[in-house]
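Protein chains in written order, with the numbering used here: chain A, 1414 to 1949; chain B, 22 to 120; chain C, 88 to 718; chain D, 974 to 1257.
All C-beta atoms, glycine included, are put in the ideal place defined by N, C-alpha and C.
Structure first, then comments.
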Amino acid sequence: MSFPLLTATAALPAIGAIATAAVPAARRTAAKWLALTVSLATLVLAGIVFARFEPGGERYQLTESHAWIKDFGVRYELGVDGIGVALLALTALLIPFVILAGWHDADPSPSSQLRSSRGGPNETNPYHWRPTQGFFALILMVEAMVVLSFVATDVFLFYILFEAMLIPMYFLIGGFGDRAHAGSDENAAAQRSYAAVKFLLYNLAGGLIMLAAVIGLYVVAGSFSLSEIAEARADGSLDMATSTERWLFLGFFFAFAVKAPLWPLHTWLPNAMGEATTPVAVLITAVVDKVGTFAMLRFCLQLFPEASKWATPVIIVLALISIVYGALLAVGQRDIKRLIAYASISHFGFIVLGIFAMTSQGQSGATLYMVNHGLSTAALMLVAGFLITRRGSRLIADYGGVQKVAPVLAGTFLIGGLATLSLPGLAPFVSEFLVLVGVFSAYPVAGVVATVGIVLAALYVLVLYQRTMTGPVREGIGGMPDLKVRELAVALPLIALLIFLGVFPKPLTEVVNPAVQHTMQDVQKKDPQPEVEAAK
Amino acid sequence: MNPVNYLYLAALLFTIGASGVLIRRNAIVVFMCVELMLNACNLTLVAFSRMHGNLDGQIIAFFTMVVAAAEVVIGLAIIVSLFRSRHSASVDDASLMKL
Amino acid sequence: MENLIALLVAAPLLGAAVLLCGGRRLDRAGHWIGTVLAAASFVIGAVLFTDMLGRGAEDRALHQHLYSWIPVEGFQADVAFQLDQLSMTFVLLITGVGTLIHIYSIGYMEHDERRRRFFGYLNLFLAAMLILVIADNYLLLYVGWEGVGLASYLLIGFWQHKPSAATAAKKAFLVNRVGDMGLSIAIMLMFTTFGTFAFGPVLEATGDTSEGKLTAIGLMLLLAACGKSAQVPLQSWLGDAMEGPTPVSALIHAATMVTAGVYLIVRSGAIFNGAPDAQLAVVVVGAVTLLFGAIVGCAKDDIKKALAGSTMSQIGYMILAAGLGPIGYVFAIMHLVTHGFFKAGLFLGAGSVMHGMNDEVDMRKYGGLRKFMPVTFLTFGLGYLAIIGFPGLSGFFSKDMIIEAAFAKGGTEGWILGSVTLLGAAITAFYMTRVMLLTFFGEKRWQPDAEGHEPHPHESPKSMTIPMIVLAFGSVFAGGFFSIGDRFVHWLEPVTGHDHGHAPVSATTVTAATMVVLVIGVAVAWVMYGRKPVPVVAPRGSLLTRAARRDLLQDDFNHVVLVRGGEHLTRSLVYVDHTLVDGVVNGTAASMGGLSGRLRKLQNGYARSYAVSMFGGAAVLIAATLLMRAV
Amino acid sequence: MSATLAAAVTTTSTGEAVQFWILGTVAVIGALSTVLMKKAVHSALSLAGTMMVLAVFYLANGAYFLGIVQIVVYTGAIMMLFLFVVMLVGVTAADSLKETLKGQRWLAAACGLGFGILLIAGIGQASLRTFNGLGTANARHGGNVEGLANLIFTKYVFAFEITGALLITATVGAMLLTHRERTERAKTQRELSQERVRSSHLPPLPAPGVYARHNAVDIAGLLPDGTPSELTVMQTLRQRGQIRDVSSESLADLKALEQRSGERLGRDRGPERDPAEEEEEVAK
């Protein structure tokens, strides 16, 4: 039994969270630094995992397995494949930036009592009330759960994490609002709690349906272990009735579609992202939602290949709707953060499309897309957050001419935007093009429709940039300070990564490819052959 | 006759006691009905112990009695203090479960 | 030698990186860095050129494989360069003209505090454009394709504080994105058809595949070309793009970027040869744009917009030629190069004029400038003569070839095209003469502007005039140099192939006809603008004129259909999302609340009714157990 | 009596049968009257009766110890406790059998009926035909009590100790609940007398009904001016608000009286009535 690396990677932030929460109320800064160091240490561990992972090797590596609930055969089973390791790295990478960007977001301000959704007498006494510690502790807690869910190979274990994630997220959304809120604090608090509850209910509903499916799976398969079931499916020792498989598939897929979010289950995302602080918004869309798409790839396809193929047409249509619909709504938004949220919905459409195109390019593209979208959204959203905190408003109409007063801010914002519209040379282009090619080779019409998405993407990004950054300097913008060191420390590395992965995505693809080939075998699909070679 | 009849009797008594609990409003009478139910149970226990030919049933019945005694003491004390505070022994007056 | 190819791109890319990340401390040296690196790229290009000349016609193509870009199962996208004669032509044009315009900009942007960034963008553009022309596969070409789009976006919107500039930039990028959509679909089609999108394999395998596929690919490529080269129906952005600084208009929107579409079509010649329908579409687009641009050019009073119209129409010539197939490819490129010279020269001249007239662009407020800025007048005049195809100058040769080729297409098609090109030549002569007369002849018509500054036109500084002079040389001699002994044809033939076609009329007749229409055009212009003084405020003009001033209402159409329609669509969708999609969910929530509200009444707080429910529950349990026993 | 019975028989002695049927009826009647009797006291008494019967049944089932305990503890102690409390609390409005909760009675009846039927059905379904008496079990340790003792102090000793603890707790709890804290200092004889002098009632309180026309404890006596005086009724009754208002009743009675006398004597108002007659009419 070697050193349990994966467990350590997940446990470190969890312990860090507890430690952070335990920091005395007066020592806010200490808590921040503690959280930051912990997240960085986690990043190091994740790096080790990434390095130890051999692309050519076993499908699941660094595996750990311990009996957990013997009566139900639930095991604490960990193992990481190419897709998991990529997302693991992404998560560990983003969290430090999230923490750094949210450095001041949870400092108690005069009206923070109103802001806090946690009841109790503590609120009345700001000295005992410890928002900062809570904020960073919760972020670390989320990281721990997400990391673990990326490496869990036991369905039940995954389910538990999938659900438990909601708790810290709920408090992060409901408890720490965006200070740049139009309207009174009470109003803000009300809207925020609405958003938080909406988030919770949506995901809970999905999760409960998934629970039913999980139990059903156990009844049918008699095991929770992903590998066991997959093997059993493969060697035919376990054959589900078609209808059973389809029902179970739907149960799983629904939960993931809510999380991902796929049209028409998306409406919680704009509220949540709009009301939460920008770092938390990034946490939602760049990290937590990825669990949904990741789970589609790992569980839906692997456990229910037939049903997945059966459902493909519908899902592809839904994904296309998400792409176009999300983009169009993004164009129509007045609120910067909601705009980015709808853009994300459009991008998640691409990811789902790539997954269910069931071609190597599509699935590799989808996996890369998860990573790249994480980076690009983080860049765009965090810079937007810096902008919003400066002006104190989320309305696009309140901005204009920023580029003249804060060129660096505008520049980083533009690069983030260009990444979002997947300009070649930046990371998202690679993934988006792969997805498009993959889809096109399997479903040409879908491919063409999806391509419309890239035009719309350009539209909403450029409109946003034009309205906020260019034109004459509006009142309230003049004298706006440019990015500070802390903010540069957030923006520049992200941009560097975007460029690097756009120019040289090999490190990622070579990790992802084998995993994708495994998935392709699971669904027993072959890439369509090009016409000419078919002719020869 | 077969000792099963004792069980039937016990069932009857138990039912009567239960309906008493539901019908009467005087806390004291309600209490008596509870006692009645307890006794019915004791009867079943005793009858069963006879049927199975071992004494465990009687032991349980004995414990039941002890517990019943304790319960009565507390219960009546509650009734008394309740009566002191609100000059009534009606269970409906004490609709405290709804705040 | 191959290893130099990457340096072509690397030099300007380095410049862009340094200048854009360098920060203010580079403000003083910035423009020199940019210029030097552009020049360096040109030098490398020249070295490669001489090396290429040293080799035989067949093994001139160079390859450089840098690394495998996107290695995914069954999908090979490499970062690899291919430098053959075609690419080389472009490399020289881009780097050469590019360098000149860098030099020009030093003077032109002197008073702009963001000059460093301007040069950074220019370098970025050079890098992207070079990638575009030396990529050895369509995906890498796509990278350059969008890269130049980005650069043009940044440069058009360089004066971002002007809302008009920002809007124009956005418009340009969006329209281009539509074209890019075509290109990416074309690439996907190639992937599904050939399993690759590298030039070599694709263009060789065209024979093995169905014509339908080729037509589809061809049309998609045409769409891309339309977007980038401002061809109808995607031409609307070019006019607005003149919001950018004049050097940008000269480099990007006259000489190089807008010609990328022509490059794409010529480069994909094999595909088009296999798809006559697609070729026909290309020809039609070219012909339509040719006239469209020319007509628009006649009506504009803004000197830059007039030139933009002319650019559109000249590119129409090229596209048309490219659509003719092997007959026209070479001439398309040749005209592209000569046009690169004289149109750049014209724009720089216009820029110099504006520079002297404190940024006045309305030609009706010029007049008689030849006395004030002789050098500009001279160079501009040479460019003018070149573009209208004055015998012996560049334009004469290249355009003449295209007209001949159009006739050589043969059949009624050939006749139609030929006459269209002739008509185009006539209109070109007309509007260019008009520009010339309005700007440099007649009496001076300028008056103090709003602040009461009387503009006192003066000759521009050396840094601006020298590039103009060089370009003038090019626009005078390039054509002749290329045509003597069909140098250019032999140079490009190995790549594009060449075919003389069968002209129904002899070359001399065509030339004669061209001369005739040329004279007519000039004469008409002289009658309208040369003889009688020109009104400072534009007259209402005929219906056609007014339409032409508004880009033949194409913009209005876009505005009404696309912009307004889109706005309504998005607004209604926002509403739907809020009420319908969200409403369903909230409705469910509300109904749940109501239900629970009713259930609450069961909790009446009476111990006895609770007891009833307990008792009933117990009864139910017993019943259940009994049933279980029963079954 | 069944001590000598051999194992696995299906019937008991006829004597027991007779006893069962008679006493069983009594038990059921007792139980019913417990539920249905209007006054708590009567319920308590009938419950006591049922418990006695149960005690007999225990004995019949060979649970001699339990039988005795049942009589001593239950019927002796617990029921008496009940009676005490009844006296303490007394008869209140809660005694009326009138139902206040809507539909409660029907629900109760339905539940009770269904429950009973189900229970009995269940027992009937269970195959309990044969039984083996306690003879051997009792004999093993030489008697029922010894047997129980043996079990209690070996097998169930832990539970037994716990019940001990339970009882102690119960006692303490009961004391806590019923104990009333004395807030003010006890008055001395002197203070009491001074109070008495200051108060308006120097003489002892009038007995109820002294000046009234009959002697009922819960009717306020009339003062000379004819107004009833609360003081004449004992405090407990006053607290419970169980004082019967004399004045209204007497007026009603007078009206009735005049009416009847008028009918009888054929004239509007009779002469003076003799007090005896009135008394009994008032008493009605």
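Where residue i falls: helix, strand or coil (DSSP)
i: histidine 340 of chain C; result: helix
i: lysine 1949 of chain A; result: For lysine 1949 of chain A, the predicted structure reports a pLDDT of 49, less than 50, and the residue's modelled location is therefore unreliable. A value from the coordinates is still provided. Correct three-state label for lysine 1949 of chain A: coil.
i: phenylalanine 1563 of chain A; result: helix
i: asparagine 90 of chain C; result: helix
i: arginine 1246 of chain D; result: Model confidence at arginine 1246 of chain D stands at a pLDDT of 48, short of 50, so the residue's coordinates are unreliable and nothing is read from them.
i: lysine 619 of chain C; result: coil
i: arginine 1531 of chain A; result: Confidence in arginine 1531 of chain A is poor, its pLDDT being 44 and thus under 50, which makes the residue's placement unreliable; the coordinate value appears in the next sentence. Looking at arginine 1531 of chain A - three-state DSSP - the assignment turns out to be coil, as it is neither helix nor strand.
i: serine 1525 of chain A; result: Only weak support is given to the placement of serine 1525 of chain A: the predicted model assigns it a pLDDT of 44, under 50, and the question is left unresolved by the model.
i: threonine 983 of chain D; result: coil
i: tryptophan 533 of chain C; result: coil
i: glycine 1492 of chain A; result: strand
i: valine 159 of chain C; result: strand
i: leucine 1836 of chain A; result: coil
i: asparagine 1538 of chain A; result: Below a pLDDT of 50, predicted positions are generally treated as unreliable, and asparagine 1538 of chain A, at 43, falls in that range; the measurement from the model is reported next regardless. Of the three classes helix, strand and coil, the one that applies to asparagine 1538 of chain A here is coil, per DSSP.
i: tyrosine 154 of chain C; result: strand
i: glycine 1035 of chain D; result: coil
Supposed contact pair residue j and residue i - C-beta distance, whole angstroms, cut 8 Å
i: leucine 631 of chain C; j: leucine 173 of chain C; result: That pair is no contact at about 39 Å.
i: leucine 605 of chain C; j: phenylalanine 527 of chain C; result: The Cβ separation is near 19 Å, so there is no contact.
i: alanine 82 of chain B; j: valine 101 of chain B; result: 28 Å between Cβ atoms; not a contact.
i: alanine 292 of chain C; j: phenylalanine 281 of chain C; result: 5 Å
i: valine 1852 of chain A; j: glycine 1767 of chain A; result: 7 Å
i: leucine 59 of chain B; j: threonine 85 of chain B; result: 6 Å
Reference residue i, options the options, closest by Cα
i: asparagine 26 of chain B; options: B/Thr65, B/Asp77, B/Asp113, B/Gly74; result: B/Thr65
i: alanine 1699 of chain A; options: A/Phe1917, A/Ala1754, A/Phe1571; result: A/Ala1754
i: phenylalanine 483 of chain C; options: C/Thr515, C/His198, C/Leu209; result: C/Thr515
i: alanine 1791 of chain A; options: A/Gly1429, A/Ile1496, A/Thr1691, A/Ala1454; result: A/Thr1691
i: leucine 1731 of chain A; options: A/Ala1720, A/Ser1773, A/Leu1696, A/Ala1673; result: A/Ala1673
i: glutamine 1934 of chain A; options: A/Val1511, A/Gln1776, A/Trp1681; result: A/Gln1776
i: phenylalanine 206 of chain C; options: C/Arg264, C/Asp171, C/Leu124, C/Pro622; result: C/Leu124
Under 8 Å between C-beta atoms of residue i and residue j
i: phenylalanine 1826 of chain A; j: serine 1835 of chain A; result: no
i: valine 1026 of chain D; j: leucine 1061 of chain D; result: no
i: glycine 1085 of chain D; j: arginine 71 of chain B; result: no
i: leucine 1793 of chain A; j: threonine 1833 of chain A; result: yes
i: alanine 1756 of chain A; j: glycine 1778 of chain A; result: no
i: alanine 214 of chain C; j: alanine 337 of chain C; result: no
i: glycine 244 of chain C; j: cysteine 313 of chain C; result: no
i: glycine 470 of chain C; j: leucine 433 of chain C; result: yes
i: isoleucine 1090 of chain D; j: tyrosine 29 of chain B; result: no
With contact counted as at least three CB pairs below 8 Å, one residue from each stretch, are the region 321-335 of chain C and the region 456-469 of chain C in contact?
Short answer: they don't touch.
Is the region 122-132 of chain C in contact with the region 168-187 of chain C, if contact means three or more CB pairs nearer than 8 Å?
Yes, since at least three Cβ pairs between the region 122-132 of chain C and the region 168-187 of chain C fall closer than 8 Å, the two stretches touch.
Is the region 1689-1708 of chain A in contact with the region 1665-1675 of chain A, if contact means three or more CB pairs nearer than 8 Å?
The answer is yes - the region 1665-1675 of chain A touches the region 1689-1708 of chain A, with three or more Cβ pairs under 8 Å.
So, do the region 397-415 of chain C and the region 152-163 of chain C have three or more beta carbon pairs nearer to each other than 8 Å?
Counting Cβ pairs under 8 Å, fewer than three are found: no touch.
Using 8 Å as the threshold, is the region 409-429 of chain C in touch with the region 352-365 of chain C, meaning 3 or more CB pairs across them?
Counting Cβ pairs under 8 Å, three or more are found: they touch.
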